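Have a look at the structure below before the remarks.
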Amino acid sequence: MAEQIKRPRLAVFKFASCDGCQLSVLSLEEDLLMLNERVKIAFFPEASSRMLDGPYDVALIEGSVSTPEQIHHLAAIREQCDTLITIGACATSGGLQALRNFADHDAFVQAVYPHPEYIRSLSTSTPISEHVAVDYELWGCPIDKDQLRKVLSDLLAGVVPRIPGVSVCQECKRRQKVCVLVTKGEPCLGPVTRTGCGAICPSMGRACYGCFGPAEPSYPARREHANTEALSRRFRETLHLSAHEAAHRFRFIHSYVSPFKEAGEETGEGET
Amino acid sequence: MTTRNIEVDLMARVEGEGALEVVVDKGEVKDVRLKIFEAPRFFEAFLKGRHYSEVPDIVARICGICPVAYQMSSVHAIESAFGMEVSETVRKLRRLLYCGEWIESHSLHVYMLHAPDFLGLDSGLELARSEPEILRRGLRLKKVGDRILTVLGGRAVHPVSVCIGGFTRLPQTNELRSLLDELHWAREAAKETLAWVAGFEMPDLSPGYTFAALSGNVYPMNEGAITVSRDGTAHDMSCASDGFEGHFKERQAPYSTAMQCLLDEKPYLVGPMARLNLNAASLRPVVREALAEAGVELPLVNPYHAIIARSAEVLQAVDEAIELIEDYEGLGTGPGEPYRPVTPKESVGTAVTEAPRGMLYHRYALDADGRVVEANIVPPTSQNQARMEADLWQMIPSILSLSDEALAAACERVIRCYDPCISCATHFLRLKRVAA
């Protein structure tokens, strides 16, 4: 037994989310079996009743922070794990539910629940990185299985994972898709959106809606931001979207992360 | 100690976060609480003001396991509000998309989440040691569902092609036909799955369910009338002037972030068992034969038999997917217009479709520009919640001799029969303002 190589311990945690990114782990198919051999899946409540205590070598976190308890839970997880990877839009930017960050929270709770006094939730939905140090971020709503596979196999091989930050337009061109912005006048977010999905929206004849978050052309240097200002101007001036409509394009899946956050604030006169 | 507090802090192998609390005093069950602590996300609130075209992408995010169900109920409700109908091609492709989701969601539950309970395992992955071929069959079946979703929608989770009026793109015939080899394999695998789960040893429990599901000429997915069976007779409730919300009413429990829905003040069951029992007449012949071969007789009345119903529906969905693909016209002439033009108007629309876990109700009020004024969503898990608690009230007295740990595990197993999707239940949204 002493000679047996100790397998790294993997944990999967959930915060406020739809479970779709965790599901990507279970959808690795054949590779899931291999992963199960190469790591010890120590904590993954959605898949197993056996929940082992930490420490963990790698933790995957899905979901955003949106209740007071979650802040404490997250701090405890950070202490327990060596490498922390956020999976998906919610964990990485606050997700779609971060739309609440721009609204009156009490009005939201009252709008949804007849007994708002039973509900304990924060007025914001925030990314994991706003509370603890994050080692790697996998973007996407949902994440791309192949990116997950790559990050995990890199880590297991002792290689520093690199997650591409360039615009999805590059992938779209490589796939020889017809540009929906130029040819159909669709308000496509592709030019400012991070690659990773495989350019599926233009492939399906529609505009990208930015579910992989803002591109970071010089990632990991993170000095250069996607030019949302120019794209928003194009939406308004060439495609004749109202300021409100243009802002709504950005205020969607990743409303709470720069520069989508700022681009989402360009609401027109008298509009919200 | 005459009072026992039995708690499960975090239920495993369910989607989302829930806990269970049972209080037993002097041999009598005093309280059963299914406590959902999944964080609320307030979808109904932020749908307000969004354009109708954004709704399918928003509501998909309520659930990563059944996003298609949310997309389907939303497009049907909004199309009904705008008084529009979709083409026959679109109608069939939506059924095919739903087949993909049922195959994916049910296979995941049967193999990875539920079967371990009958095999004495902690997780489906443990089958890798004892019966690797069975685990492979389950993962491959799930993948067949994922592939249908990917061909039609670009990806399996949160597909992108569903829109009001149709799809943003229709598949080429050869893309669909490329799925056939795998679907033919899946038909055999689904039969084997059904035989496998029908052989599991299952505890006896007959809580005397009221079943609720859509029912009609075809096995229900996107269409059918709301039907309820009580005392062995099926009643069509859909024609009632007050519709779904007139009969099915939600209430909020202080210990849960999800709403509970009751039918005329009483718990009821939605999902695969309810569908199967109320739609035995529209089952495909291959499913009837497989059920007969496995010695399964309808109606199913024991919650543990849900895994049989789910497996039967995988076979139903695979067999129908094959037919839909083989019949798909479009070769040579191209598949035609992907969607019909939309003319928004001030209106209200409702729809119920059959999510993998049961009826999913949506209602939208829209303004003249097609922006959402009000939204109400009732997911299947909040409908089953009261039923889960009722099952436990009924079962616990017969297993009081068990240790706390064993009793808690037995309770968890009952809950798992329902395949509860807690993420959904919490994120149901209603914009009816109750507080001033």
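First to last, the sequence lines map onto chains A and B. Those letters in the first sequence? Residues 7 to 278, by the numbering used here. Those letters in the second sequence? Residues 1432 to 1867, by the numbering used here. Yeah, the Cβ is synthetic: ideal placement off N, Cα and C, and Gly gets one too. Every value quoted in this text rests on a predicted model; they were computed, and no experiment measured them.
Taking its Cβ as the centre, do 16 or more other Cβ atoms sit within 10 Å of A/Gly6, making it buried, or is it exposed? Lying outside 7 to 278, the shown extent of chain A, residue 6 of chain A is not represented and no answer is given.
B/Asp1758 burial status per 10 Å Cβ neighbour count (16 or more: buried): Your numbering for residue 1758 of chain B matches position 327 in the second sequence. With fewer than 16 other Cβ atoms within 10 Å, it is exposed.
In its own chain, which residues sit with a C-beta less than 6 Å from the C-beta of B/His1666, not counting the 5 before and 5 after it? Here residue 1666 of chain B corresponds to residue number 235 of the second sequence, with the count starting at 1. These residues qualify, in order along the chain: Val1659.
So B/His1589 contacts chain C; which residues on that side make the cut at Cβ distance below 8 Å? Here the protein chains are A and B, and chain C is not one of them.
Host alpha helix (DSSP H) of B/Lys1697 (start-end): If you number the second sequence from 1, residue 1697 of chain B lands on position 266. It is not in any alpha helix (DSSP H) - B/Lys1697 carries neither H nor E in the DSSP assignment.
Answer yes or no: do B/Val1446 and B/Ile1830 have a C-beta to C-beta separation smaller than 8 Å? Here residue 1446 of chain B corresponds to residue number 15 of the second sequence, with the count starting at 1. Here residue 1830 of chain B corresponds to residue number 399 of the second sequence, with the count starting at 1. Residue identity check: residue 1446 of chain B is Glu in the sequence provided, not Val. Contact: no.
When you compare only the Cα positions, how much space is there between A/Asn233 and A/Arg106? By one-based count along the first sequence, residue 233 of chain A stands at place 227. By one-based count along the first sequence, residue 106 of chain A stands at place 100. Going from the Cα of A/Asn233 to the Cα of A/Arg106 covers about 25 Å.
Chain A contacts from the region 1445 to 1470 of chain B (Cβ-Cβ distance under 7 Å): Glu1446, Gly1447, Glu1448, Ala1470
Nearest neighbour of A/Gln86, chosen from A/Ala65, A/Arg200, A/Gly69, A/Lys156 [CA to CA]: Stepping through the first sequence from its first residue, residue 86 of chain A is reached at position 80. Of the listed residues, the one whose Cα sits closest to A/Gln86 is A/Ala65.
Contact check, A/Val280 vs A/Arg13, beta carbons under 8 Å: Residue 280 of chain A cannot be examined here, being either before or after the span of chain A that is shown, 7 to 278.
Taking only beta-carbon atoms, is A/Thr89 less than 8 Å away from chain B? Stepping through the first sequence from its first residue, residue 89 of chain A is reached at position 83. A/Thr89 does not count as touching chain B.
Taking the Cβ atom as the reference point for each residue, do B/Arg1706 and B/Ala1644 lie within a distance shorter than 8 Å? Here residue 1706 of chain B corresponds to residue number 275 of the second sequence, with the count starting at 1. Here residue 1644 of chain B corresponds to residue number 213 of the second sequence, with the count starting at 1. Going by C-beta atoms, B/Arg1706 is nearer than 8 Å to B/Ala1644.
Sequence-distant residues of its chain with Cβ nearer than 6 Å to A/Ser261 (five each side left out): Along the first sequence, one-based indexing puts residue 261 of chain A at 255. For A/Ser261, where only same-chain residues beyond five positions count, the Cβ hits under 6 Å are Ala104, Leu105, Gly270.
From B/Ile1467, B/Arg1818, B/Ser1505, B/Leu1566, pick the residue whose C-alpha is nearest to that of B/Glu1696; which is it? Here the question's residue 1696 of chain B lines up with position 265 in the second sequence. It is B/Arg1818.
Continuous alpha helix (DSSP H) assignments of at least 4 residues falling wholly in the region 17 to 100 of chain A: 26 to 32, 36 to 44, 74 to 86, 95 to 99
Do the CB positions of B/Ile1493 and B/Phe1474 come within less than 8 Å of each other? Translated into positions along the second sequence, residue 1493 of chain B becomes position 62. Translated into positions along the second sequence, residue 1474 of chain B becomes position 43. Against a cut-off of 8 Å, the Cβ pair of B/Phe1474 and B/Ile1493 comes out as a contact.
Given this structure, state the Cα-to-Cα distance separating A/Asp110 from A/Ser129, to the nearest angstrom. For this step, residue 110 of chain A is matched to residue 104 along the first sequence. For this step, residue 129 of chain A is matched to residue 123 along the first sequence. Distance between the alpha carbons of A/Asp110 and A/Ser129 is about 8 Å.
Distance, Cα to Cα, B/Cys1848 vs B/Met1633? The residue given as residue 1848 of chain B occupies position 417 in the second sequence. The residue given as residue 1633 of chain B occupies position 202 in the second sequence. Each residue's Cα considered, the two are about 11 Å apart.
Which residue comes first and which comes last in the beta strand (DSSP E) that contains B/Gly1531? For this step, residue 1531 of chain B is matched to residue 100 along the second sequence. From DSSP, B/Gly1531 is part of no beta strand (DSSP E) but of the alpha helix (DSSP H) over 1519 to 1538.
B/Ser1554 touches chain A at which residues, Cβ-Cβ below 9 Å? By one-based count along the second sequence, residue 1554 of chain B stands at place 123. Going along chain A in sequence order, the residues near B/Ser1554 (Cβ under 9 Å) are Ile47, Phe50, Ala53, Ser54, Ser55, Arg56.
Using C-beta distances below 6 Å, list every residue in its chain close to A/Ser209, excluding the 5 sequence neighbours before and after it, in chain order. For this step, residue 209 of chain A is matched to residue 203 along the first sequence. Within the same chain, A/Ser209 has close Cβ partners Lys183.
Hey, is A/Asn233's beta-carbon within less than 8 Å of any beta-carbon in chain B? Residue numbering aside, residue 233 of chain A sits at position 227 when the first sequence is read from its first letter. Output row for A/Asn233: interface = no.
Meets three-Cβ-pair contact criterion under 8 Å: the region 1595 to 1606 of chain B and the region 1534 to 1550 of chain B: no
Between A/Lys183 and chain B, is there a C-beta pair that is closer than 8 Å? Taking the first residue of the first sequence as 1, we reach residue 183 of chain A at position 177. By this cut-off, A/Lys183 is not an interface position.
Test: A/Gln76 CB closer than 8 Å to a CB of chain B: Residue numbering aside, residue 76 of chain A sits at position 70 when the first sequence is read from its first letter. Chain B contact via Cβ: present.
Minimum C-alpha distance to A/Ile77 - residue among A/Arg255, A/Ile169, A/Ala139: Numbered from its first residue, the first sequence carries residue 77 of chain A at position 71. The shortest C-alpha separation from A/Ile77 is found at A/Ala139.
Does the CB of B/Arg1492 have a neighbour CB from chain A at under 8 Å? For the purposes of this step, residue 1492 of chain B is identified with residue 61 of the second sequence, where counting begins at 1. Judged by the 8 Å Cβ criterion, B/Arg1492 is in contact with chain A.
Going by Cα to Cα distance, which pick from B/Asn1815, B/Ala1711, B/Phe1675 is closest to B/Ala1743? Looking up residue 1743 of chain B in the second sequence gives position 312. B/Ala1743 has its Cα closest to that of B/Ala1711, out of B/Asn1815, B/Ala1711, B/Phe1675.
Which of the residues in the region 1587 to 1619 of chain B, read from start to end, lie with their CB under 7 Å from any CB of chain A? Ala1587, Val1588, His1589, Val1591, Ser1592, Thr1599, Arg1600
Taking just the CA atoms, how far does A/Asn42 sit from B/Thr1774? For this step, residue 1774 of chain B is matched to residue 343 along the second sequence. For this step, residue 42 of chain A is matched to residue 36 along the first sequence. About 51 Å.
Residues sharing a beta bridge with B/Val1453, DSSP: The residue labelled residue 1453 of chain B in the question sits at position 22 within the second sequence. For B/Val1453, which the question treats as bridged, DSSP gives the partners B/Ile1437, B/Val1463.
Which residue marks the beginning of the beta strand (DSSP E) containing B/Gln1683, and which one marks its end? Counted from its first residue, the second sequence places residue 1683 of chain B at position 252. Per DSSP, B/Gln1683 belongs to the beta strand (DSSP E) from 1679 to 1683.
Is there a Cβ of chain A sitting closer than 8 Å to that of B/Ala1626, yes or no? Within the second sequence, the letter at position 195 stands for residue 1626 of chain B. Output row for B/Ala1626: interface = no.
Proximal residues of chain B, C-beta to C-beta of A/Glu35 below 7 Å: Here the question's residue 35 of chain A lines up with position 29 in the first sequence. The contacting residues are Leu1570, Lys1574.
Residues of chain A with a CB under 9 Å from the CB of B/Ile1509: which are they? Within the second sequence, residue 1509 of chain B is the residue found at index 78, counting from 1. Near B/Ile1509 there are no residues of chain A at all, since even the closest Cβ is about 17 Å away, more than 9 Å.
Would you kindly work out how many angstroms separate the C-alpha atoms of B/Arg1792 and B/Ala1782, rounded to a whole number? Residue mapping note: residue 1792 of chain B aligns to position 361 of the second sequence, counting from 1. Residue mapping note: residue 1782 of chain B aligns to position 351 of the second sequence, counting from 1. Sequence inspection shows Tyr at residue 1792 of chain B; the Arg mentioned does not correspond to that position. Their backbone Cα atoms lie some 6 Å apart in a straight line.
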